[in-house]
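Shown next, in structure tokens, is the structure this report addresses.
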Amino acid sequence: MATSHIIVVGAGVTGLSAAWWLAKSGVAVTVVDKGVVGWEASSRNGGGASHYHSPLFAEEQRLWPLLDDMLGYPTEYRRGRVIVALTPAQLAHYHYMAAMFTAQGFRADHVDSAQALDLAPLVNPASLGGIRLHFGGHANPQRTVQAYAWATQDLGGRILQHTAALRLVARGDRVTGVETARGLIEADAVVVAAGPQTADLLGSVGVVLPLSHARAEMIVTEPAPLMPMGGVDGNGLYGRQTLRGNLAYGGGPHEWLDVAADGPATRPTSPLSRNLARRVAELLPAAASLRVLRSWAGVVETTPDGRPVIDTVHGNLTVAVMSGVGFGLSPATGHAVRDLVLDGRCSFADLGKLRLDRFAGLADDWRTARGWTAAA
Amino acid sequence: MIRDVHALDGKFAPPERHVEVLVIGAGAAGTAAAIAAARGGAAVMLVDENPVAPDLMWADVPLHFGGRMTGAVDRPDRMIETLLAANPALAEAFDAGVEVLLGTTAWGLYVPQPGLAALPGSVVGLADSERSWLVGFDRCIVAAGARDLAFAFPGWEHPGVMGAQGFHALVEHYGAFDGRRLLIVGSGELAVATARLAERHSIDVAAMIEIRDGHSIARVEGGLHGVERVVLRTPAGERVIECDTVCLAVGVVPAIELLAAAGARLTVDAARGGHVPVCAADGATSLPGVFAVGDCAGVASPADTLDHRAEWSAALTADPSTTVCLCEEVTRADLTGVQPPGYLGARSAPMAARSLCSLLADGAPDQDQIKRLTRAGMGLCQGRRCREQVALILAAEAGLVAAAAPFTGYRAPVRPLPLAVLADWAETAAMTDGWDVWFGIPDQWIPYADIGTDREAAHRAALGGTMHL
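Chains A and B supply the protein sequences, listed in that same order.
Note that the working numbering gives residue 373 to position 373 of the first sequence, counting from 1, and the numbers run on in steps of one.
Count along the second sequence from 1, then add 376; that gives the number in the working numbering.
Okay, here's the thing in structure tokens:
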């Protein structure tokens, strides 16, 4: 399609990756965001890049090791992961997962307690072992978001921070621009990757996207000596050891909440920090004396089946809403969005099961029916 | 009503204790508030983190102790005796029936609000050296005091560079100050009070310096025992002062971290120490049932203005190689270059070419963004030593007045707490049973190729419960 100017709404990891891919294709791209780049869930996650279940995963795995060079800025990507069980139920679960990975062609080995300890010396010596993934990995979310932003700018893309998108503007079956807090910006095509705010924006042109929103929490400790394998989780946790040595872990209950059109009002953490601390101390007892320095929370959007929607939904309007797995998949998501916008189809994966129309016929009260609503 | 079994509501146990009035901080304001509430008939708990564990004192938490402690701080019994002797009002509080918990840190304040409705009421997280627990309250009076305003300069990493509040605590509360001769930075009320305190305890004051008189620190030189001398920059050239301690007494910062982390509304008050909670006349903050009294609500000091702080900051950190964040070893040049930490290895050409200027084109400086990129403020002292000066440096680089300097939020735990201490070792069955790594939506993890096939049901069954990604 002949495209001269594309607006991406949302300077999170998905929108910025899309903008970078579009800019790489020589398209004029403008990213608008209500705040600074990556302020919401894109920089408030565990940095995991192991989303084996996604059709984007193979492309994600191809791209991560190349990303620092492609973007020109560091992401702290490291490959591999070990998942450690402390209970027989966990071990059975992880073994089931390993079988799923292997069936898809991604190598995962069973490891015993001693092998787990070799990979991650802080791990509980009394663990039951677990599985080692020879794929997947982790990166620094905050650094990665900024890397996409800078790389986009280096290619001539514009990023307008503090420029909230208020509504989409359509004429007939085409979106002609985005009304922002700084006025109307016209566009030949629009990408919405605005996380929790995506549903309201699509609603402004009559497209219904079912989303609920929740707050998820993490904690981070002071640095520990670097382990050979930084991607260590299990015992109900996801997380990683950063290259600085800090242990950053999340997991556990989330809190459903309402998000206003202008985004999350607050992102508080709760005493859940204590339950996370307990599980980290159990998983990594040699780190139990390390001090927790901070906690953080992010607000995550979730579709009814927990899977992304990546789809061109309204002529020249493409949506990428990732339902809580946006960070790790981002290198590939941007590529897919670029393909959808410029070529009308994804060149490297079938995305048919991620289309929006799978939710046609969903009852209006689906959130209430599942209890996915804010507590009173 | 249907609830998601993996959601947070209903997972927390009721707090271990509930008190009518919880007072945080046993300084003058907190002790007075506790006594008044108890005499008014309320059941009152008064908690104070002193005596602080030596490992935290070495990390300059909560005050800038600068490693100038004697071995006395390793003897908790003596510390408590000294503390009680230094604060006779505590005896009065005991007599009034106040329950006093010393050595007890308030590390989190949680008040129900939209997006945080799953709490078991309004609670404060407390911890001693062994464990943490939650206490509910009808009213919480935060009297957390103030902390030291630190400044970086070449050589400030030497033991003996400390804050006026840290000096005051070691001398007056702990009887554990290990220095003999001070150079005092600043000349306002705080500096004068510091000099008087030193005099009362027969500690020499070598000099008091003031930037507005053209005096600043070129560098501090030290040896095995820390600071040995200060090289001053004066209108008449460099001048060397022999001393073992440099006491930063330009100003103090209201200790708002508990209130800020809980979501209390803040404002900048340039005449009262910077960011302070918005308070009604009776101390009521924007959080229901939470009050702020004493220095944490603002410290009035005519000499300590934000502009004056900016002058000191500009003079002391003029050298780009000055390490501003000691925990993470971030220099002023790293900060203004928004450069990543050294452990990431060689910087790519595009990375090296980036600077604060290239970010300022996108909007006003954002201290959280800078912190994430450079790691300034991400270390063990939780940014206590560098937070204000990073903000001042960013403001200066952006051409902003000090009152418009950026601000980075606080997060619980507001004191570094060991995992094993913070841990909830007695969580509810609902928490244990409802725990899931991520949302508990089995459909999310079904391999793409299997969606819509007869393998889907088996995956859904197997992936339920404690899923892992």
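Glycine included, each C-beta is placed from N, C-alpha and C at the ideal position.
Nothing here was measured: the structure is a model prediction, and the numbers come from that model.
Beta-ladder partner(s) of I219 of chain A, from DSSP
A:Y249, A:S295
S273 of chain A to V423 of chain B, Cα distance in whole Å?
21 Å
Taking the alpha-carbon of A594 of chain B as reference, which of B:G627, B:W532, B:T661, B:Y550 has the nearest alpha-carbon?
B:W532
What in chain A is Cβ-close to D819 of chain B, meaning under 9 Å?
P304, D305, G306, R307
Taking contact to mean 3 or more Cβ pairs, one atom from each stretch, closer than 8 Å, check whether the region 271 to 291 of chain A and the region 231 to 250 of chain A are in contact.
The region 271 to 291 of chain A vs the region 231 to 250 of chain A: in contact.
Between the beta-carbon of R557 of chain B and the beta-carbon of D504 of chain B, is there less than 8 Å?
no
Taking E186 of chain A as the query, report the chain B residues whose CB atoms sit under 9 Å from its CB, ordered along the chain.
Those within 9 Å of E186 of chain A in chain B number zero; the least Cβ separation is about 22 Å.
For F106 of chain A, name the three-state secondary structure that DSSP assigns.
coil
Helix, strand or coil: how does DSSP classify V178 of chain A here?
strand
Neighbour-count burial assignment, R697 of chain B, 16 or more Cβ in a 10 Å radius:
Looking at the sequence provided, one finds Ser at residue 697 of chain B rather than Arg. With fewer than 16 other Cβ atoms within 10 Å, it is exposed.
Which term fits S347 of chain A, buried or exposed, when burial requires 16 or more other beta carbons within 10 angstroms of its beta carbon?
exposed
Check each candidate in A:L340, A:P141, A:R215, A:F101 and name the one with the smallest Cα separation from I310 of chain A.
Considering only alpha carbons, the answer is A:L340.
Return the first residue and the last residue of the alpha helix (DSSP H) that Q541 of chain B is part of.
540 to 544
Helix, strand or coil for Q241 of chain A per DSSP?
strand
Measuring CB to CB, does R291 of chain A end up less than 8 Å from L756 of chain B?
yes
Any chain A beta carbon closer than 8 Å to Q758 of chain B
yes
Would you verify that the beta carbon of Q146 of chain A is, or is not, closer than 8 Å to some beta carbon of chain B?
yes
Whole-number beta carbon distance between H314 of chain A and D173 of chain A, since they are thought to touch under 8 Å:
7 Å
Let me make sure I understand the geometry here. Which of B:C703, B:D742, B:A806, B:E425 has the alpha-carbon closest to that of G854 of chain B?
Beyond the ends of chain B as shown, which are 377 and 845, falls residue 854 of chain B; an answer cannot be given.
Which residue from B:V547, B:P678, B:G785 puts its Cα closest to that of A462 of chain B?
B:V547
Classify G263 of chain A as helix, strand or coil using the three-state DSSP reduction.
strand
Closer than 6 Å by C-beta to G406 of chain B: which residues in its own chain qualify, once you throw out the five before and the five after it? Chain order, please.
V399, A519
Listing by chain order, which chain A residues have their CB less than 8 Å from the CB of H382 of chain B?
P253, H254
Mind listing the chain C neighbours of A429 of chain B? Cutoff is C-beta to C-beta under 8 Å, in chain order.
In the displayed structure, chain C is absent; the protein chains listed are A and B.
What is the C-beta distance between V382 of chain B and G816 of chain B, in whole angstroms, given that I count them as a contact (C-beta under 8 Å)?
According to the sequence provided, residue 382 of chain B is His. The question's Val does not apply to it. In this structure H382 of chain B touches G816 of chain B by the C-beta definition: roughly 3 Å separates them, less than 8 Å.
Using a beta-carbon distance below 8 Å, is L510 of chain B in contact with chain A?
yes
Spatial distance of E565 of chain B from M433 of chain B (CA atoms)
25 Å
Is it the case that the region 456 to 471 of chain B contacts the region 763 to 774 of chain B, given that we only count it when at least three CB pairs across the two stretches are under 8 Å?
no
So who's on the other strand from T312 of chain A, going by DSSP bridges?
A:T318
Start and end of the alpha helix (DSSP H) containing T750 of chain B?
743 to 750
Are the CB atoms of A582 of chain B and I632 of chain B within a distance shorter than 8 Å?
no
Using the Cα positions of M229 of chain A and M455 of chain B, report the straight-line distance between them to the nearest angstrom.
43 Å
Return the bridge partner residues of G650 of chain B from the DSSP annotation.
Checking the DSSP bridge columns, you'll see G650 of chain B partnered with B:D645.
What's the call for I378 of chain B, buried or exposed, on a 16-neighbour Cβ count within 10 Å?
Burial call: exposed.
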